[in-house]
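Let me begin by presenting the structure, written as structure tokens, before commenting on it.
Residue numbers (the working numbering): -1 to 246.
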């Protein structure tokens, strides 16, 4: 065996280098142990190689950040799609409700319009039915003579329920005043008592006032007022002017 030619100084120097090498091997060993924690499919160690040449083959790590971003983006799209569907359903329901309300309002307005038209038609028909009668009454005129006075008095008497006929009135008028509406009796007992008989049917003022017919004149000499008051009095005392054949 050759003689060791290393001096003491050399021995110290080598010893320092060896320490450094050993430290490096320790570091590599620690690294190897750390990599051994990952799955076997992600590493390989070459056996038989020098200790300082430990080779580690690792599979590239997956892009975790990209994977998470993709998943979040997918979930966001799903949520947006769901929200859009929900909003579309709400909008469709609101539109349907608005259309139903509009139809209901239109139906109510149409019914109200139809009712108003029917009411207006009925009112117009009622006015048309009443108008001829009103015109008939308004258009009726009477002659300003004995015949006209008797006929007008008879219409009033009929409306008030006072009995009497044309002949009954006419015969009594001719007997009492000869058809003179201004006739006055200044000689009988009534005249002596200060209340002479006046007018066509010779009515004293107290009787005229008591049996005056509403709607006629308060003038005792007015022909129609005189006739109707006398007929009203005769109906009360004798049942009808037709039953009077003498002074009453």
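Backbone N, C-alpha and C fix where the C-beta goes; we use that ideal spot for every residue, glycine too.
With the cut-off set at 7 angstroms, would you say residue i and residue j are in Cβ contact?
| i | j | result |
| --- | --- | --- |
| residue 193 | residue 203 | yes |
| residue 160 | residue 230 | yes |
| residue 164 | residue 182 | no |
| residue 141 | residue 222 | no |
| residue 218 | residue 206 | yes |
| residue 227 | residue 210 | yes |
| residue 188 | residue 195 | yes |
Give every residue of the same chain whose Cβ lies closer than 6 angstroms to the Cβ of residue i, excluding the five residues on either side of it in the sequence, and list them in chain order.
| i | result |
| --- | --- |
| residue 232 | 239 and 242 |
| residue 215 | 223 |
| residue 34 | Note on residue 34: pLDDT 45, under 50, position unreliable in the model; no value is reported. |
| residue 174 | 199 and 200 |
| residue 20 | For residue 20, the predicted structure reports a pLDDT of 49, less than 50, and the residue's modelled location is therefore unreliable. A value from the coordinates is still provided. Nothing listed; no residue qualifies. |
In its own chain, which residues sit with a C-beta less than 8 angstroms from the C-beta of residue i, not counting the 5 before and 5 after it?
| i | result |
| --- | --- |
| residue 171 | 144, 148, 177, 198, 199 and 225 |
| residue 235 | 246 |
Put residue i into one of helix, strand or coil per three-state DSSP.
| i | result |
| --- | --- |
| residue 242 | coil |
| residue 216 | coil |
| residue 141 | coil |
| residue 146 | helix |
| residue 18 | Because the pLDDT of residue 18 is 48, which lies under 50, any placement of that residue in the model is unreliable, and the question is left without a value. |
Kindly indicate if chain B contains any beta-carbon less than 7 angstroms away from that of residue i.
| i | result |
| --- | --- |
| residue 219 | Of the chains in the structure shown, none is chain B; there is only one protein chain. |
Does the Cβ of residue i lie closer than 6 angstroms to at least one heavy atom of the ligand PLP?
| i | result |
| --- | --- |
| residue 226 | Only the bare structure without any ligand can be found here, which leaves the ligand PLP out of the picture. |
**Message:** As an exercise, report each continuous alpha helix (DSSP H) stretch of at least 4 residues that is fully enclosed by the segment 158 to 214, in chain order.
**Reply:** Counting only runs of at least 4 residues, the segment 158 to 214 fully encloses the following alpha helix (DSSP H) elements, listed from N- to C-terminal order: 164 to 175, 187 to 190 and 203 to 208.
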